[in-house]
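Going by the numbering used here, the residue at position 101 of the sequence shown is 122; the numbering climbs one at a time, nothing skipped. Cβ coordinates follow ideal geometry from the N, Cα and C atoms, glycine included. In this text, all values refer to a predicted model and were calculated from it rather than measured experimentally. Encoded as structure tokens, the structure appears first; notes follow it.
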Amino acid sequence: MKQYALLAFLSPIASLLAVTGPAQSEKLKTKTNPQKQPNVIFIYADDLGYGDLECYGAKNVQTPHVNQLAKSGVQFTNAHATAATSTPSRYSMLTGKYAWRVPGTGVAAGNAGMIIRPETYTLADVFKNSGYITGAIGKWHLGLGDKSGMQDWNAPLPTALGDLGFDYSYIMAATADRVPCVFIENGKVANYDPSAPIEVSYQKPFPGEPLGKDHPELLYNMKHSHGHDMAIVNGIGRIGYMKGGGKALWKDENIADSITAHAIDFIDKYKNQPFFLYFATNDVHVPRFPHERFRGKMGVRGDAIAQFDWTVGQIIAALDERGLRENTLIILSSDNGPVVDDGYDDHAEELLNGHSPAGPFRGNKYSAFEGGTAVPAIVSWPKEIPGSQISDALVSQIDWFASMAALINAKLPKGSAPDSQNRLNTWLGKDQTDRPWIIEESSTMSVRTKNWKYIEPNDGPAMITWGPKVETGNLKTPQLYDMRVREYEKENLADQHPEIVYEMQNILRRVRK
């Protein structure tokens, strides 16, 4: 398989993976794609802010490949994730159901049981049951196995992504800052090392295993600023306790290379039939430890953005080389807003130099303010979408489910994706129809219309208390902001417009029902 420039930069292990790639499932059927149905790739970044891309006004970092993707399709300036944190955003997007409706959908531990239950009809099921080959590569963070803390990481997991409609998966169980620090391929630890059996706990440490809080001299790659002082893997402290892993343990600097190689191999294997690929990158999420060839941009956070841009370029180049780009629909977005210091002493705050990760918006990841959920979103499909479009239509990721079903004329089971609406024409740039309202989740609930933002009262603290310097958006009284005023969310107008507050409260009440 051709991997062009990619192989030159890979570690020996990553190079081997790039050549061999994922093992084909016995269940997969080979068929010819008549190229009537488009291939679909979701490039879902982690903690990438609205202002982190050059085409959205980023300073001090260049993203030429993402810029070109935006020029080839529609760039959305009013797109929103459903939540200000990862797990609920991903749950909502993949199920078409707001995560806040389901207990246990907060930020997941690395040993969480499957949060999307096997009986749930997922976006992957939509494509699989329409004749697509389906894959998930990269960050997962939605749990594995049947019950939290009960996984045997040394054997095949009894429930994994194959139970959710994915034919192939090569994933991180949670995030790079949480154990276990191994890739899971089709429900089994990839490159498993029998000489180093894996144990994981989020309750207590394992005797004899050094911890970041006790052995700072072992944190040779990255030191923590708050938290992240438990298990040490690759010279970096993590959340949670871990023992073993051996050759299966990832090296953070090679994560982007590895998942990109597997994505390209997936594309290469199934280029003759329609495929859906959920490609979830880790780069901007802590610990930010990009490969050395990307260093020197704007501190490691800026370097991680440059690495993400490279990844996008590699995927597009692979499609071009195989003659697939014209009929491949690419959606690029992020799971929530940005955060600068999220637990590691990487000097990200000091090195911003005027860069605003959340763009013009107030707040960041974890926040009820717009910076928590306003995200970049780009849709490109050369065969069908004219390029160089800018859309300010109000859109939400909750609608990807129903819109993709409409795209491929899929029939949905009764009761599936209850919160998702078909907004396909808007996503494809055929019109700029606003969603009447969107719902946003953080420590409290928010309603956003094109002109107004309402934040429900909450007794929680005004600032995050456990680490990052982030406004929560919590206030004991209702908040209402006029989103037509470009100094976003500065003046609370709830007292001046009680009728709008009442209207927004009614939207939230009806949606909750």
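query: Cβ-based neighbour list, K118, same chain, cut-off 7 Å, excluding 5 preceding and 5 following; result: A438, P439, D440
query: Same chain only: Cβ atoms within 8 Å of E47, ignoring 5 sequence neighbours per side; result: Since pLDDT at E47 reaches only 38, below the 50 mark, its modelled position is unreliable, and no value is offered.
query: Which of helix, strand or coil DSSP assigns to L185; result: helix
query: Cut-off 6 Å between Cβ atoms - residues of its own chain near T84, not counting five sequence neighbours on either side; result: L74, E75, D330
query: Per-residue burial, N527 [other beta carbons within 10 Å of its own, 16 or more giving buried]; result: exposed
query: Reduced DSSP secondary structure (H/G/I, E/B, other) of I137; result: coil
query: Distance CB(G380)-CB(V95) smaller than 8 Å; result: no
query: C-alpha distance - S110 paired with A129, whole-angstrom precision; result: 12 Å
query: A325 versus F310 - alpha carbon distance; result: 7 Å
query: CA nearest to the CA of F227, picked from A211, E238, G261, P237; result: G261
query: C-beta atoms of I136 and Y291 nearer than 8 Å; result: no
query: From N175, K435, D235, N255, residue whose alpha carbon lies closest to that of Y241; result: N255
query: Distance, R122 Cα to A389 Cα; result: 18 Å
query: 8 Å Cβ cutoff, T108 in contact with chain B; result: In summary, chain B is missing from the structure at hand, where a single protein chain is found.
query: V147 - containing alpha helix (DSSP H), residue span; result: 144-149
query: Burial state of R444, where buried means 16 or more other Cβ atoms lie within 10 Å; result: buried
query: P205 and I158 closer than 8 Å at C-beta; result: As written in the sequence, residue 205 is Ile, which differs from the Pro given in the question. Cβ atoms of I205 and I158: not closer than 8 Å.
query: Where W458 falls: helix, strand or coil (DSSP); result: coil
query: Contact under 8 Å by Cβ, S169 with A120; result: no
query: Euclidean distance between Cα positions of M263 and A369; result: 27 Å
query: Secondary structure, alpha helix (DSSP H): runs of 4+ residues fully inside the stretch 255-343; result: 276-290, 320-342
query: Cβ pair P499, A515 closer than 8 Å; result: yes
query: Exposure of T454, with buried meaning 16 or more beta-carbon neighbours within 10 Å; result: exposed
query: Enclosing beta strand (DSSP E) for V522 [first to last residue]; result: No beta strand (DSSP E) holds V522; the alpha helix (DSSP H) holding it covers 519-533.
query: Residue from Y523, R531, K474 with nearest C-alpha to E550; result: Absent from the structure is residue 550, since the part of the chain shown begins at 22 and ends at 534.
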